[in-house]
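Q: Position one of the sequence shown corresponds to residue 79 (our numbering), numbered consecutively onward. Every residue gets a Cβ at the ideal spot worked out from N, C-alpha and C, and that includes glycine.
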Amino acid sequence: MSADKKEPSFRESVDLMFNRAVALMDLSPGLEEKIRVCNATYTVRFGVRLRGQIQTFTGYRSVHSEHMEPVKGGIRYAMAVNQDEVEALAALMTFKCAVVEVPFGGSKGGLRIDPREWEEDELELITRRFAYELAKRDLIHPSQNVPAPDMGTGEREMAWMADQYRRMNTTDINSRACVTGKPVNAGGIQGRTEATGRGVQYALQEFFRHPEDMKNAGLEGSLDGKRIIVQGLGNVGYHGAKFLQEEDGCKIIGIIERDGALYDENGLNVEDVRNWIAKHDGVNGYPSGTYTKDGSKLLEQDCDILLPAALEGVINLSNADSIKARLIIEAANGPVTAGADAILREKGVVIIPDMYANAGGVTVSYFEWVKNLSHIRFGRMQRRQEENRHRLLLEELERISHDNSINWTLSPKFRDKYLKGAGELELVRSGLEDTMRTAYQEISGKWHEREDVTDLRTAAYLVAIDKVVSSYDTLGL
Ligand code: GLU
């Protein structure tokens, strides 16, 4: 999608949104500047001998703020990666971590590569070399800088990076905590892969517990039956849409993918579409719904909730006016440009901002990091003890009812559920739900408590910046 000429770059967009928020705060200009700028961006160009010649790759790791360490943020593999983008994403990581009270500073990395052009063994060589370049400068390090997956990377790449770090630091007992988003059998945590999508679901559920916020978006009722258009059925879009469809009764009426879009007023089955994409490399030919080649047009289709979960800048000056959704939840980072944001605000569209909406990923990354440092799986000590106590209670109740000849039985479903102690996945989901709910309440509270705060993004920035400022205060800066 081509943006209008007046459109600011992604980093400028983030700066504009930041400036809008700090204008409402009473910060000294020096502190304001300190929080806004990226502390450092490291660029590396390295060669790997592949396919009979040396191939040169360009990668970045940007550190936005070290008010808390380690700094945290994903590494993306995409041809569009550049310094401006990596810096914008690193800044968003600072505010994202602050808003959900994850004790990290913000960072982000990227490698300019199209991962689909390389075989798995080639990608491994490239990833290990990139990891080596970063690790030798402490840009991968359990206590300094902890990468994670992002667009174009996943568990596999994280496992290679973690192993590369371990080979370079053979005596570091905490080496596994050098990256998150690893496979569970290599030091990962249950629920990390689904985490960002799960967080999007929890964010929407919490929004729908706030009648006043719903009213601002012109929505009523519950999530059940709400019509959603999702852009991008990658890890985040797929999990978010799937959970909203299967557990909350939402109707996914549109799915926009790289090769076009599908539309079906009666709802598309997310799982089926995902399987279709995996087999056919796109949505074209999917047996139900209508296919349109120009997928981005579907962003402008009437729906209750628009869920952009792909690239940045997809809602921009060229299409903001035509958006019909009442509520946008930014599952991707930066899908709405600063210019589009102003137009949408004017139109009364409510936007649940990226720094909060997609913070589920980094939240569960935090749990994984804690797990790696504590060297024990969550729930290992308590699970059976919890189950035994519950069983004791049920047996006592059954004894009392028997002794008093009360005809009283528990439904088998309740019994099973009640007796099951929480394992790692249940604990991760509980921690994530608590995080998403608490953060939303804080942001929404700020939106309502101040008349000059007229949107959730500004409210989220205020909450985040306040937290960064108090860290700096404690540091004595
Ligand atoms: N890449 C994800 C994000 O943008 C996750 C970051 C992390 O887990 O550190 O939030």
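Give me the DSSP bridge partner(s) of R207.
A: As a position in the sequence shown, residue 207 is number 129, starting the count at 1. DSSP, once it has assigned bridges, lists no residue as partnering R207.
Q: Check the C-beta distance from L346 over to D326 and give it rounded, since I have them as a contact under 8 Å.
A: Numbered from its first residue, the sequence shown carries residue 346 at position 268. Numbered from its first residue, the sequence shown carries residue 326 at position 248. Not a contact, Cβ separation roughly 16 Å.
Q: Which residue from A416, D104, A537, R245 puts its Cα closest to that of E85?
A: Position 7 of the sequence shown, counted from the start, is the residue given in the question as residue 85. E85 has its Cα closest to that of A416, out of A416, D104, A537, R245.
Q: Please name the residue, chosen from N466, T487, E464, G412, that lies closest to L475 on a Cα-to-Cα basis.
A: Indexing the sequence shown from 1 puts residue 475 at position 397. Among N466, T487, E464, G412, the Cα nearest to that of L475 belongs to T487.
Q: As an exercise, report each continuous beta strand (DSSP E) stretch of at least 3 residues that is fully enclosed by the segment 371-422, in chain order.
A: 383-386, 405-407
Q: What I want to know is whether the C-beta of V414 ends up closer than 7 Å to one or more non-hydrogen atoms of ligand 1.
A: Taking the sequence shown and counting its residues from 1, one reaches residue 414 at position 336. Not under cutoff, so the answer is no.
Q: Please name the residue or residues paired with S143 in a DSSP beta bridge.
A: Here residue 143 refers to the residue found at position 65 when the sequence shown is read from its first residue. Answer is G184.
Q: Return yes when the Cβ of Y364 is within less than 8 Å of the Cβ of V351, no when it is not.
A: For the purposes of this step, residue 351 is identified with residue 273 of the sequence shown, where counting begins at 1. For the purposes of this step, residue 364 is identified with residue 286 of the sequence shown, where counting begins at 1. Contact: yes.
Q: What residue does the beta strand (DSSP E) around Q309 start on, and which one ends it?
A: As a working mapping, residue 309 is identified with position 231 in the sequence shown. From DSSP, the beta strand (DSSP E) with Q309 extends over 305-309.
Q: Given 8 Å as the limit, is there contact between the segment 394-406 and the segment 499-507, that is, 3 or more CB pairs closer than that?
A: Under the Cβ criterion (8 Å, minimum of three pairs), the segment 394-406 does not count as touching the segment 499-507.
Q: With burial defined as no fewer than 16 other Cβ atoms inside 10 Å of the residue's Cβ, what is the status of G356: buried or exposed?
A: In the sequence shown, the residue the question calls residue 356 occupies position 278. The question names Gly, but residue 356 in the sequence shown is Ala. Classification of A356: exposed, given that the 10 Å Cβ count is below 16.
Q: How would you label F445, buried or exposed, when you count the other beta carbons within 10 angstroms and need 16 or more for buried?
A: Working through the sequence shown from its first residue, we reach residue 445 at position 367. By the neighbour-count rule (16 or more Cβ atoms within 10 Å), F445 is buried.
Q: Thinking L322 and I306 are a contact (beta carbons under 8 Å), I'd like their distance in whole angstroms, please.
A: Taking the first residue of the sequence shown as position 1, residue 322 is located at position 244. Taking the first residue of the sequence shown as position 1, residue 306 is located at position 228. Rounded, the Cβ-Cβ distance is 6 Å, consistent with contact.
Q: In whole angstroms, give me the CA-to-CA distance for P413 and T274.
A: Along the sequence shown, one-based indexing puts residue 413 at 335. Along the sequence shown, one-based indexing puts residue 274 at 196. Cα to Cα, the separation comes out at about 15 Å.
Q: Scan the segment 243-286 and note each continuous alpha helix (DSSP H) run of 4 residues or more that stays entirely inside, going in chain order.
A: 273-285
Q: Over the uninterrupted beta strand (DSSP E) stretch that includes N223, give me the two end residues.
A: As a first step, residue 223 is located in the sequence shown; it is residue number 145 there, counting from the start. Counting along the chain, the beta strand (DSSP E) containing N223 begins and ends at 223-227.
Q: Can you tell me the Cα-Cα spacing of G318 and E408, whole angstroms?
A: Here residue 318 is taken as the residue at index 240 of the sequence shown, counted from 1. Here residue 408 is taken as the residue at index 330 of the sequence shown, counted from 1. C-alpha separation (whole angstroms): 11 Å.
Q: How is the alpha helix (DSSP H) around V92 delimited, first residue to last?
A: In the sequence shown, the residue the question calls residue 92 occupies position 14. Its alpha helix (DSSP H) spans residues 88-100.
Q: At a threshold of 7 Å, does V178 count as lining ligand 3 (C-beta to nearest heavy atom)?
A: This structure simply doesn't include ligand 3; it includes ligand 1 instead.
Q: Please indicate yes or no: does the CB of K260 lie closer than 7 Å to some heavy atom of ligand 1?
A: Sequence index remark: in the sequence shown, residue 260 carries index 182 (1-based). No; taking the cut-off as 7 Å, the Cβ of K260 has no heavy atom of ligand 1 nearer than that.
Q: For T119 and R234, I'd like the C-alpha separation in whole angstroms.
A: Your numbering for residue 119 matches position 41 in the sequence shown. Your numbering for residue 234 matches position 156 in the sequence shown. CA-CA distance, T119 to R234, rounds to 25 Å.
Q: Indicate the three-state DSSP secondary structure (helix, strand or coil) for Y369 in the structure shown.
A: As a position in the sequence shown, residue 369 is number 291, starting the count at 1. Looking at Y369 - three-state DSSP - the assignment turns out to be strand.
Q: For T271 versus R154, is the C-beta distance shorter than 8 Å?
A: Working through the sequence shown from its first residue, we reach residue 271 at position 193. Working through the sequence shown from its first residue, we reach residue 154 at position 76. Against a cut-off of 8 Å, the Cβ pair of R154 and T271 comes out as no contact.
Q: Alpha carbon to alpha carbon, how far is L128 from E197? Give it in angstroms, no decimals.
A: Locating residue 197 in the sequence shown gives position 119, counting from the first residue. Locating residue 128 in the sequence shown gives position 50, counting from the first residue. One C-alpha to the other measures close to 11 Å.
Q: Would you call S80 buried or exposed, if buried means 16 or more other Cβ atoms sit within 10 Å of its Cβ?
A: To locate residue 80, count along the sequence shown from 1; it is residue 2. The predicted position of S80 is uncertain, since its pLDDT is 45 and thus under 50; a value taken from the coordinates is nonetheless stated next. Exposed, since its Cβ has fewer than 16 Cβ neighbours within 10 Å.
Q: List the whole-angstrom C-beta distance separating D530 from L102, where the pair is believed to meet the contact cut-off of C-beta under 8 Å.
A: Translated into positions along the sequence shown, residue 530 becomes position 452. Translated into positions along the sequence shown, residue 102 becomes position 24. 6 Å between Cβ atoms; contact.
Q: In the DSSP assignment, the beta strand (DSSP E) including G332 goes from what residue to what residue?
A: Numbered from 1 along the sequence shown, position 254 holds the residue referred to as residue 332. It spans 329-335 - the beta strand (DSSP E) in which G332 sits, taken as one unbroken run.
Q: Would you call the CB atoms of N304 and D382 closer than 8 Å?
A: Mapped onto the sequence shown, residue 304 falls at position 226. Mapped onto the sequence shown, residue 382 falls at position 304. The residue you asked about is not Asn; residue 304 is Lys in the sequence shown. Yes, the Cβ-Cβ distance between K304 and D382 is below 8 Å.
Q: Does the Cβ-Cβ distance between K260 and M292 come in under 8 Å?
A: Translated into the one-based positions of the sequence shown, residue 260 becomes position 182. Translated into the one-based positions of the sequence shown, residue 292 becomes position 214. Not closer than 8 Å, so no.
Q: Could you check where the alpha helix (DSSP H) with G66 kicks off and where it finishes?
A: The structure shown has nothing for residue 66, since the chain only spans 79 to 555.
Q: In the DSSP assignment, the alpha helix (DSSP H) including V427 goes from what residue to what residue?
A: Stepping through the sequence shown from its first residue, residue 427 is reached at position 349. For V427, no alpha helix (DSSP H) segment is defined, and its DSSP state is neither H nor E.
Q: Between the alpha carbons of S483 and N353, how many angstroms are there, rounded?
A: Your numbering for residue 483 matches position 405 in the sequence shown. Your numbering for residue 353 matches position 275 in the sequence shown. Each residue's alpha carbon lies about 55 Å from the other.
Q: Spell out the partners DSSP gives Q519 in its beta bridges.
A: Counted from its first residue, the sequence shown places residue 519 at position 441. In the DSSP output, where bridge partners are listed per residue, Q519 has none listed.
Q: Quick one: Cα of D82 to Cα of L395, how far?
A: Locating residue 82 in the sequence shown gives position 4, where the first residue counts as 1. Locating residue 395 in the sequence shown gives position 317, where the first residue counts as 1. Residue placement at D82 is poorly supported in this model, since its pLDDT is 48, which falls under 50; the coordinates are not used for a value here.
Q: Relative to the C-alpha of G499, which candidate in K524, I478, H526, N466 has its C-alpha closest?
A: If you number the sequence shown from 1, residue 499 lands on position 421. Ranking K524, I478, H526, N466 by Cα distance to G499 puts N466 first.
Q: Could you give the first and the last residue of the continuous beta strand (DSSP E) run that contains F124?
A: Within the sequence shown, numbered from 1, the residue matching residue 124 stands at position 46. Segment 118-128, the beta strand (DSSP E) holding F124.
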